[in-house]
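Participant: This structure is in structure tokens; I'll ask about it shortly.
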Amino acid sequence: MIKAQKHLPKSLALLKWGLVLLTCLLVGCASTPKKGYKNYLYEGNIPEAENILNGINANNDKLLREVQLASIAQLKSDFKSSNNHLETGKKLAEELAAISVTETLAAISINQRVSKFSGNRFERIMIYFNKALNYIASNDAAAARIEISQAEILMQEWRIGVERFPFIPLFLALIYEKIGDIENSLVAYRRAAAAYKSSESTPDILKKGYLQLLAKYGRQSELARASLQLKAKVAASPNKASLIIVVPRGFMTPMDSFTVYNFHPEINKNFLIALPLYSEYSGVRAAPLLSLKQQAKDSANVIFENMVNVELGMRAALKRQMPAITTLALARAVVKSQLQQQTAENSAASFLVFVFNTVTEVADTRSWDTLPQAFYFSRLELDPGSYSLNYADREPMNVSIKKGVNFLFLPNYR
Amino acid sequence: MNISLRYGQLAVICLMLTACVTSVNRVDPDSDIDISGKWNDVDSRKVSEGIAQELFTQPWYARYTAGIKGRLPVLIIGLIRNNSNEHINTETFTKDIEIAIINSGNLDVVASSNQQALLRQERSGQDQYASEATRKILRNELGADVILLGSINSVEDVEGRRSVRYYQIDLELIDIESNRKLWIGQQEIKKFVQKPRVRL
Chain A
944 MIKAQKHLPK SLALLKWGLV LLTCLLVGCA STPKKGYKNY LYEGNIPEAE NILNGINANN
1004 DKLLREVQLA SIAQLKSDFK SSNNHLETGK KLAEELAAIS VTETLAAISI NQRVSKFSGN
1064 RFERIMIYFN KALNYIASND AAAARIEISQ AEILMQEWRI GVERFPFIPL FLALIYEKIG
1124 DIENSLVAYR RAAAAYKSSE STPDILKKGY LQLLAKYGRQ SELARASLQL KAKVAASPNK
1184 ASLIIVVPRG FMTPMDSFTV YNFHPEINKN FLIALPLYSE YSGVRAAPLL SLKQQAKDSA
1244 NVIFENMVNV ELGMRAALKR QMPAITTLAL ARAVVKSQLQ QQTAENSAAS FLVFVFNTVT
1304 EVADTRSWDT LPQAFYFSRL ELDPGSYSLN YADREPMNVS IKKGVNFLFL PNYR
Chain B
22 MNISLRYGQL AVICLMLTAC VTSVNRVDPD SDIDISGKWN DVDSRKVSEG IAQELFTQPW
82 YARYTAGIKG RLPVLIIGLI RNNSNEHINT ETFTKDIEIA IINSGNLDVV ASSNQQALLR
142 QERSGQDQYA SEATRKILRN ELGADVILLG SINSVEDVEG RRSVRYYQID LELIDIESNR
202 KLWIGQQEIK KFVQKPRVRL
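Those sequence lines, one after another, are chains A and B.
To convert, take the position in the first sequence, counting from 1, and add 943; that gives the numbering used here.
To convert, take the position in the second sequence, counting from 1, and add 21; that gives the numbering used here.
Set out below in structure tokens:
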């Protein structure tokens, strides 16, 4: 009897390891369905991806589901429906911005996945950015202006400068230019120029737009100053129209997880924590190949630049969240360890607690994974008129360029 | 001790269950209810009432009516631009102004440009298809004397979860024939909004 008692902890430890392995396998099976919505998206089968997303029970992921469906609607060029989803998502995100007592308690005792998905700051800014793009595509620049202004207000609420999201004032400048509000456009350009840390990191679209606007409206002293600051020069082209092409590319890398199983001397116990992470950054999908041709003229390739690197933005957002996520995971490890300690005398209860603690220890890998990896922008100065646009495997598109600023949004991530 | 603890637990459960149930209460449409702090029906109504009140108490009205003896000035409500940071449906706001002005009985209001296009289409149709007895005469519209143009502007001062929202509504009444500005009115709304830090 005594012998059996002596051997029991050893066999239990073995059983524990077996269970850890089994749990890992089970969790692995659960998180990789046979063919997920992302696979269908990669294949370009948008209706099937939409069907799968609609079939998944949203529960705590209502916000996530709304933004995912918004991306899908955007890919279908259904900009109105996309904005309806984004608006719902925006309201949900606002509600979820306050810290939830019950969800924090659940996150400490079970895991972070049991709390409602509220999105990180980059994802929240992306809601406004995508809404603005949808409005631009629907030819409603005034509404797009409102969305980007609201994103700026949100940054003030977070007490962060525009340097974190410099593409926001830049996009605002372009929208104001489109509306014809030159003064506000210049204000936004100035703020965007200050937000980019160096002239090398400043996108050409900013340099071109800002300097051309100054040249067009005869702001000579500011033009000289800005040319020096941005290390760029432009020739005034008063009779030209501007075409701004926006192309999202690639699909955001899904978040992964890793587990730490270690001995903690302070609690004198082994602890297991699961944390989210992204695989190593290997760049984003290359710029699209697109050419533009005016009647009886040679076609010219459009040169794009990565104005919004979503992949890097999302990774940076997770990095900023990691201290809080890790602290919560460690607190959870302590709580779970205490619970196990309390049931130590009863081997059956202890075993059940161990199983519960192990099975529930999963990282929160939820993220807006239907976002593109990058938003490429290009600005062209053209003669007003009719153009033929060749893009990927699409039929050539006729584009009519009018005087002023014209936007063209081509949502096709593949 | 145990019984009071159980009652306490029961109360917490009841509270949590109550929070899960959707409740609907009918309220007076004129009541002031603010939820998010954004522009809402209350702001629209208050501003339009204020504008209508201010519009007729200013000297331009007496001078103008004296100049066009025997009839009321005819007004058309033009574009009211939304320059604020919120999606404000300017059509509902315009309608509120229209209601307040028509109900005052101090001005004749004609159909807006959008409505005019529809009405003209209808009259053209009548001219072709309606009987002579019921056909409406073309070129018999009531021409507007004055037009009301304006904009909604907003400034938001944010610090963390606290913000001050300031709306400025500028309206201008312009004589259509002479381009003379007869009246400029301004209405302001200021709100202090504090968002919650914690939720259940």
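Cβ atoms here follow ideal geometry from the backbone N, Cα and C, with glycine treated the same way.
1) With H, G and I counted as helix, E and B as strand and the rest as coil, what does DSSP make of methionine 1265 of chain A?
2) Once DSSP output is grouped into helix, strand and coil, what is the label at leucine 102 of chain B?
3) Can you tell me the Cα-Cα spacing of lysine 949 of chain A and valine 1296 of chain A, whole angstroms?
4) How long is the line joining the alpha carbons of glutamine 1011 of chain A and threonine 1313 of chain A, rounded to whole angstroms?
5) At which residues does the beta strand (DSSP E) containing phenylalanine 1110 of chain A begin and terminate?
6) Does glycine 181 of chain B pass the burial test, meaning 16 or more other C-beta atoms within 10 Å, or should it be called exposed?
7) Report the residue from A:Asp1124, A:Pro1327, A:Leu1039 and A:Leu1048 whose alpha carbon sits nearest the alpha carbon of phenylalanine 1060 of chain A.
8) Output, in chain order, the set of chain B residues within a Cβ distance shorter than 7 Å of threonine 1031 of chain A.
9) Could you check if serine 974 of chain A is buried or exposed, using at least 16 other CB atoms within 10 Å of its CB as the buried criterion?
10) Which residues, in order along the stretch 106 to 120 of chain B, keep a beta-carbon less than 7 Å from a beta-carbon of chain A?
11) Counting only runs that start and end within the stretch 1266 to 1301 of chain A, where is the alpha helix (DSSP H) found for 4 or more residues in a row?
12) Comparing the CB of lysine 1262 of chain A with every heavy atom of the ligand PLP, is any distance shorter than 6 Å?
13) What is the C-beta distance between asparagine 61 of chain B and asparagine 104 of chain B, in whole angstroms, given that I count them as a contact (C-beta under 8 Å)?
14) Exposed or buried, leucine 1149 of chain A, counting other C-beta atoms within 10 Å across all chains shown (16 or more means buried)?
15) Considering only C-alpha positions, which residue in the set A:Ser1128, A:Tyr1224 and A:Asn1063 is nearest to alanine 1260 of chain A?
16) Kindly indicate the opening and closing residues of the beta strand (DSSP E) around tyrosine 1330 of chain A.
17) Beta-carbon separation of glycine 1094 of chain A and tyrosine 1071 of chain A under 7 Å?
18) Please work out which residues of its chain come closer than 7 Å, Cβ to Cβ, to glutamine 215 of chain B, disregarding the five sequence neighbours upstream and downstream, and give them in chain order.
19) Could you name the residues of chain B that glutamate 1143 of chain A contacts, counting a contact when the two beta carbons are closer than 8 Å?
20) Is there a Cβ of chain B sitting closer than 7 Å to that of glycine 1347 of chain A, yes or no?
21) Terminal residues of the continuous alpha helix (DSSP H) containing tyrosine 1071 of chain A?
22) Go to proline 990 of chain A, then tell me how far its alpha helix (DSSP H) extends in each direction, as first and last residue.
23) Counting only the same chain and skipping the five closest in sequence on each side, list residues whose C-beta sits under 6 Å from that of glutamate 75 of chain B.
24) What residue does the beta strand (DSSP E) around alanine 151 of chain B start on, and which one ends it?
25) Does the beta-carbon of glutamate 143 of chain B have 16 or more other beta-carbons within 10 angstroms, so that it is buried, or is it exposed?
26) Does arginine 220 of chain B get closer than 7 Å to chain A when you measure Cβ to Cβ?
27) Reducing DSSP to helix, strand and coil, say where isoleucine 72 of chain B ends up.
28) Quick one: list the residues of chain A neighbouring valine 179 of chain B, beta-carbon separation under 8 Å, in chain order.
29) How would you list, in chain order, the residues of chain B whose beta-carbon sits under 8 Å from the beta-carbon of serine 1043 of chain A?
30) Considering only residues of the same chain and omitting the five flanking positions on each side of tyrosine 187 of chain B, which have a CB-CB separation below 6 Å?
31) Could you tell me whether the Cβ atoms of serine 1331 of chain A and lysine 1236 of chain A are closer together than 7 Å?
32) Tell me the DSSP secondary structure of alanine 1136 of chain A in three-state form.
33) Looking only at its own chain, which residues have a Cβ that is under 6 Å from the Cβ of arginine 1067 of chain A, when we skip the five neighbours before and after it?
34) Compare the C-beta of glutamine 1055 of chain A with all C-beta atoms of chain B and state if any pair is closer than 7 Å.
35) What do you reckon, are the CB atoms on alanine 1128 of chain A and glutamate 1324 of chain A nearer than 7 Å?
36) Let me know the beta strand (DSSP E) ranges lying completely inside the stretch 1202 to 1243 of chain A, each 3 residues or longer, listed in chain order.
Facilitator: Taking the definition as stated:
1) Counting from one through the first sequence, the residue named residue 1265 of chain A turns up at place 322. Look at methionine 1265 of chain A here: in three-state DSSP terms it is helix.
2) Indexing the second sequence from 1 puts residue 102 of chain B at position 81. It should be noted that the sequence gives arginine, not leucine, for residue 102 of chain B. Strand, per DSSP.
3) Against the first sequence, residue 949 of chain A aligns to sequence position 6. Against the first sequence, residue 1296 of chain A aligns to sequence position 353. Below a pLDDT of 50, predicted positions are generally treated as unreliable, and lysine 949 of chain A, at 40, falls in that range; no measurement from the model is reported.
4) Numbered from 1 along the first sequence, position 68 holds the residue referred to as residue 1011 of chain A. Numbered from 1 along the first sequence, position 370 holds the residue referred to as residue 1313 of chain A. Spanning the two alpha carbons is a distance of roughly 6 Å.
5) Position 167 of the first sequence, counting from 1, holds the residue named residue 1110 of chain A. DSSP places phenylalanine 1110 of chain A outside any beta strand (DSSP E); the residue lies instead in the alpha helix (DSSP H), whose first and last residues are 1110 to 1122.
6) For this step, residue 181 of chain B is matched to residue 160 along the second sequence. Exposed: under 16 other Cβ atoms inside 10 Å.
7) Start at 1 with the first residue of the first sequence, and residue 1060 of chain A comes out as number 117. If we check each option's Cα against that of phenylalanine 1060 of chain A, A:Leu1039 comes out closest.
8) By one-based count along the first sequence, residue 1031 of chain A stands at place 88. Residues of chain B with a Cβ closer than 7 Å to the Cβ of threonine 1031 of chain A do not exist, since the nearest Cβ in that chain sits about 14 Å away.
9) Your numbering for residue 974 of chain A matches position 31 in the first sequence. With a pLDDT of 44 at serine 974 of chain A, under the threshold of 50, the predicted position of this residue should be treated as unreliable, and no value is reported.
10) Closer than 7 Å at the C-beta level to chain A, one finds these residues of the stretch 106 to 120 of chain B: Asn106, Glu107 and His108.
11) Those alpha helix (DSSP H) runs which fall completely within the stretch 1266 to 1301 of chain A and span 4+ residues do not exist here.
12) Absent from the structure shown: the ligand PLP. Ligands present: none.
13) As a working mapping, residue 61 of chain B is identified with position 40 in the second sequence. As a working mapping, residue 104 of chain B is identified with position 83 in the second sequence. That pair is no contact at about 18 Å.
14) What you label residue 1149 of chain A is simply residue 206 of the first sequence in a count that begins at 1. Label assigned to leucine 1149 of chain A: buried.
15) The residue labelled residue 1260 of chain A in the question sits at position 317 within the first sequence. The option with the nearest alpha carbon to alanine 1260 of chain A is A:Asn1063.
16) Sequence index remark: in the first sequence, residue 1330 of chain A carries index 387 (1-based). Element bounds for tyrosine 1330 of chain A: 1328 to 1334.
17) The residue labelled residue 1094 of chain A in the question sits at position 151 within the first sequence. The residue labelled residue 1071 of chain A in the question sits at position 128 within the first sequence. Just to set this straight, residue 1094 of chain A is alanine in the shown sequence, not glycine. The Cβ atoms of alanine 1094 of chain A and tyrosine 1071 of chain A lie closer than 7 Å to each other.
18) Mapped onto the second sequence, residue 215 of chain B falls at position 194. Correct list, in chain order: Arg182 and Arg183.
19) In the first sequence, counting from the first residue as 1, residue 1143 of chain A sits at position 200. Residues of chain B passing the Cβ test: none, with the nearest at roughly 32 Å.
20) Residue 1347 of chain A sits at position 404 when you count from the first residue of the first sequence. Chain B contact via Cβ: absent.
21) Within the first sequence, residue 1071 of chain A is the residue found at index 128, counting from 1. Here the alpha helix (DSSP H) through tyrosine 1071 of chain A covers 1064 to 1080.
22) The residue given as residue 990 of chain A occupies position 47 in the first sequence. Where proline 990 of chain A is concerned, the enclosing alpha helix (DSSP H) stretches over 989 to 998.
23) Locating residue 75 of chain B in the second sequence gives position 54, counting from the first residue. The beta carbon of glutamate 75 of chain B sits closer than 6 Å to the beta carbons of Gly206 from its chain, once the five residues preceding and following it are set aside; these are given in chain order.
24) Locating residue 151 of chain B in the second sequence gives position 130, where the first residue counts as 1. Looking at the DSSP string, alanine 151 of chain B is not in any beta strand (DSSP E), and its letter there is neither H nor E.
25) In the second sequence, residue 143 of chain B corresponds to position 122, counting from 1. Exposed, by the Cβ-count rule.
26) For the purposes of this step, residue 220 of chain B is identified with residue 199 of the second sequence, where counting begins at 1. Using a CB distance cut-off of 7 Å, arginine 220 of chain B counts as an interface residue toward chain A.
27) On the second sequence, residue 72 of chain B is found 51 positions in, with the first residue counted as 1. In this structure, isoleucine 72 of chain B counts as helix in the three-state DSSP scheme.
28) For the purposes of this step, residue 179 of chain B is taken as the residue at position 158 of the second sequence. Ordered by position in chain A, the residues that pass the 8 Å Cβ test against valine 179 of chain B are Ile1096, Gln1099 and Glu1100.
29) Here the question's residue 1043 of chain A lines up with position 100 in the first sequence. Contact of serine 1043 of chain A with chain B by beta-carbon distance below 8 Å involves Val219, Arg220 and Leu221.
30) For the purposes of this step, residue 187 of chain B is taken as the residue at position 166 of the second sequence. The residues are Val176 and Lys211.
31) In the first sequence, counting from the first residue as 1, residue 1331 of chain A sits at position 388. In the first sequence, counting from the first residue as 1, residue 1236 of chain A sits at position 293. Yes.
32) If you number the first sequence from 1, residue 1136 of chain A lands on position 193. Collapsing the DSSP output to three states places alanine 1136 of chain A in a helix.
33) Residue 1067 of chain A sits at position 124 when you count from the first residue of the first sequence. Cβ-Cβ distances below 6 Å link arginine 1067 of chain A to Ala1036 in the same chain, with the five nearest sequence neighbours on each side left out; the list follows chain order.
34) If you number the first sequence from 1, residue 1055 of chain A lands on position 112. Answer no: the Cβ-Cβ gap between glutamine 1055 of chain A and chain B never drops below 7 Å.
35) Against the first sequence, residue 1128 of chain A aligns to sequence position 185. Against the first sequence, residue 1324 of chain A aligns to sequence position 381. For the record, residue 1128 of chain A in the displayed sequence is serine; it is not alanine. No, Cβ-Cβ distance for serine 1128 of chain A and glutamate 1324 of chain A is not below 7 Å.
36) Counting only runs that start and end inside the stretch 1202 to 1243 of chain A, the beta strand (DSSP E) elements of at least 3 residues fall at 1212 to 1220 and 1233 to 1237.
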